[in-house]
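Comments concern the structure below.
Residue numbers (UniProt numbering): 1 to 308.
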């Protein structure tokens with residue numbers, strides 16, 4: 001068998017991007033070069049590593065997932081070998097950070113900046129993910145770390161707590177509940193509830209109401225957190241959220257009222273997570289350390305103020 005480090009890098013890139021096109025773009029090489037390398041590795045092993053589907057990229061086979069995991073380990077150890085004798089600041093290689101899409105714009109850029117200032121030799125790739133794709137891509141070795149809420153993660157995934165958040169109510173300006181210092185889920189259940197279409201997200205929100213013996217009417221489901229906020233701001237209903245941007249206005253400039261909930265509800269946890277079946281690189285461990293310090297030193301919603 002004759003497999004080169006370059007071929008392994010191409011293999012890992014295809015797994016991470018889910019397509020030959022994405023891998024070629026990231027590596028700045030031609031698509032045929034990637035395809036030839038993958039064909040050569042598959043020929044060496046005598047079996048397929050990826051399932052190719054017209055118009056929808058590629059996905060690793062069960063054998064391919066094992067090969068990709070081992071290839072990542074080899075490449076990580078190679079990068080660490082090259083860095084032997086260097087200072088900690090010389091941690092290098094590539095780190096792919098998958099972020100739950102509602103959290104990504106609030107935390108990923110600041111975390112990446114803080115990490116890059118300390119470890120400039122690490123190339124960071126950031127990916128927006130849903131709850132479903134995050135777990136699958138961590139398991140497929142397509143991403144190294146996940147930044148997400150503590151929802152729907154497999155039991156063997158590590159959970160590094162970064163912050164706990166209390167839920168709050170979202171109301172349009174002028175709403176009947178807007179003048180109250182706090183509201184209850186029972187108060188909110190009397191109005192149409194707007195949720196996002198993330199399965200684990202809307203299920204979790206409905207479970208909060210059901211835990212209080214309430215059955216709200218989920219009147220509208222939106223495709224994103226910002227569309228949910230805009231629907232609330234335009235008077236189509238109310239919502240419950242953990243994430244709160246700095247500045248309580250929707251994308252179209254309308255004010256939102258954020259009110260604490262009086263119910264004794266569980267807090268939601270922001271985590272970094274990884275698949276414990278995969279080897280964790282020095283770059284990933286360094287990112288975890290930086291993220292812990294960053295979250296400990298930032299009051300992440302300190303500047304968000306109630307809009308009356």
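Idealized CB from N, CA, C, for every residue including glycine. Predicted, not measured: the structure shown is a model, and the values here were computed from it.
Buried versus exposed call for residue i [16 or more other C-beta atoms within 10 Å across all chains shown]
i, result
"residue 303", "Residue confidence for residue 303 is low, a pLDDT of 40 falling below 50, so the modelled location carries little weight and cannot support an answer."
"residue 164", "exposed"
"residue 17", "buried"
"residue 247", "exposed"
"residue 63", "exposed"
"residue 277", "exposed"
"residue 284", "buried"
"residue 46", "exposed"
"residue 67", "buried"
"residue 282", "buried"
"residue 21", "exposed"
"residue 9", "buried"
"residue 109", "exposed"
"residue 82", "exposed"
"residue 190", "exposed"
"residue 305", "Low per-residue confidence applies at residue 305: pLDDT is 38, beneath 50, and the placement is therefore not dependable enough to give any value."
"residue 237", "buried"
"residue 223", "exposed"
"residue 36", "exposed"
Option nearest residue i by Cα separation, candidates the options
i, options, result
"residue 75", "128, 99, 28, 7", "7"
"residue 124", "93, 130, 132", "93"
"residue 207", "185, 53, 221", "185"
"residue 268", "25, 211, 204, 73", "204"
"residue 52", "69, 14, 265, 44", "14"
"residue 200", "110, 152, 266", "152"
"residue 136", "281, 288, 273", "273"
"residue 243", "235, 121, 196, 279", "196"
"residue 297", "162, 27, 3, 82", "162"
"residue 194", "254, 36, 231, 263", "231"
"residue 31", "19, 42, 40, 41", "19"
"residue 286", "91, 11, 57", "91"
"residue 214", "41, 187, 250, 239", "187"
"residue 127", "104, 24, 73", "104"
For residue i, the three-state DSSP class (helix, strand or coil)
i, result
"residue 236", "coil"
"residue 228", "helix"
"residue 133", "helix"
"residue 304", "Residue placement at residue 304 cannot be trusted, given a pLDDT of 40 that sits under 50; what the coordinates show is reported in the next sentence. Of the three classes helix, strand and coil, the one that applies to residue 304 here is coil, per DSSP."
"residue 74", "helix"
"residue 17", "helix"
"residue 291", "helix"
"residue 39", "helix"
"residue 52", "strand"
"residue 149", "strand"
"residue 6", "helix"
"residue 103", "coil"
"residue 175", "coil"
"residue 278", "coil"
"residue 156", "coil"
"residue 143", "coil"
"residue 34", "helix"
Residue i Cβ short of 7 Å to the ligand NAD heavy atom set
i, result
"residue 5", "Absence of the ligand NAD from the depicted structure is noted, as is the absence of any ligand whatsoever, leaving it without description."
Residues bridged to residue i (per DSSP)
i, result
"residue 123", "94"
"residue 25", "In DSSP, residue 25 forms no bridge with anything."
"residue 80", "According to DSSP, residue 80 bridges with nothing at all."
Within-8 Å CB hit, residue i to chain B
i, result
"residue 81", "Here chain B cannot be found, since the structure has a single protein chain."
*Pairing CB atoms from the stretch 63-83 with CB atoms from the stretch 172-188, are three or more of them under 8 Å?*
Short answer: they don't touch.
_Would you call the stretch 148-157 in contact with the stretch 280-296, where contact means no fewer than 3 C-beta pairs closer than 8 Å?_
no
_Count Cβ pairs between the stretch 130-148 and the stretch 94-113 that sit closer than 8 Å; are there 3 or more?_
yes
*With a cut-off of 8 Å, do at least 3 Cβ pairs link the stretch 133-141 to the stretch 253-262?*
Proximity of the stretch 133-141 to the stretch 253-262 falls short of the contact definition, fewer than three beta-carbon pairs being nearer than 8 Å.
*With contact counted as at least three CB pairs below 8 Å, one residue from each stretch, are the stretch 217-230 and the stretch 130-138 in contact?*
No, the stretch 217-230 does not touch the stretch 130-138.
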